[in-house]
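Student: Numbering (the numbering used here), first residue to last: 1 to 125.
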C-alpha cells in the first residue's frame, strides 16, 4: 500500500508551520522545505505521491520547480499554491506539469478536499 505522505514547499515560515500542523492533523505524513533547492535535495532521496508548492519563491520559483520534478517524476501529483494565482493562467499551469492549484489565503476545507482527492486519485491508478 502506498504511503500517504506529502512534500510541502513554501518560503514563508508561518505558512509552512500552519500547513505542516494541518496536514499532520489530517493524518498524513509531511515533509516541509523552505525553498525549491531544499525540495530538490529531498526529492533526490525520497519519493512523495503528493507535492504542494508555492509559486512565488526567491531563486527557483514553483513553476521552475515543477518543470524540474517532471523531468524525472511523472507520477506524483503536484499542486501549485499561491496568493497570486490571478497572475497565472490555470491552463499554463497544467501545461507546465501541475495537476491543480490552490489559493492563498487557504480555505482549510478546500485544502482538505484537495488532499483527499489527490490520494483517492493516486489509489485508483
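Beta carbons are placed, not taken as given, at the ideal position from N, Cα and C, and that holds for glycine.
Computed from a predicted structure; not experimentally measured.
Under the rule that 16 or more other beta-carbon atoms within 10 Å means buried, what is residue 32, buried or exposed?
Tutor: Buried is the call here.
Student: For residue 58, which option in 114, 111, 11 has the closest C-alpha, if you only look at C-alpha atoms?
Tutor: Looking at the Cα atoms, 11 is the closest of the given residues.
Student: Take the Cβ of residue 8 as the centre, count every other Cβ of all protein chains shown within 10 Å, and call the residue buried at 16 or more, exposed below.
Tutor: Buried, by the Cβ-count rule.
Student: Given a cut-off of 8 Å on the beta-carbon distance, is the pair residue 71 and residue 96 in contact?
Tutor: No. Outside cutoff.
Student: Return the CA-CA distance between residue 27 and residue 91, expressed in angstroms with no decimal places.
Tutor: Approximately 31 Å between the Cα atoms of the pair.
Student: Give me the Cα-Cα distance between residue 106 and residue 14, rounded to the nearest whole angstrom.
Tutor: Spanning the two alpha carbons is a distance of roughly 13 Å.
Student: Do you know how far the Cα of residue 39 is from the Cα of residue 5?
Tutor: Their backbone Cα atoms lie some 14 Å apart in a straight line.
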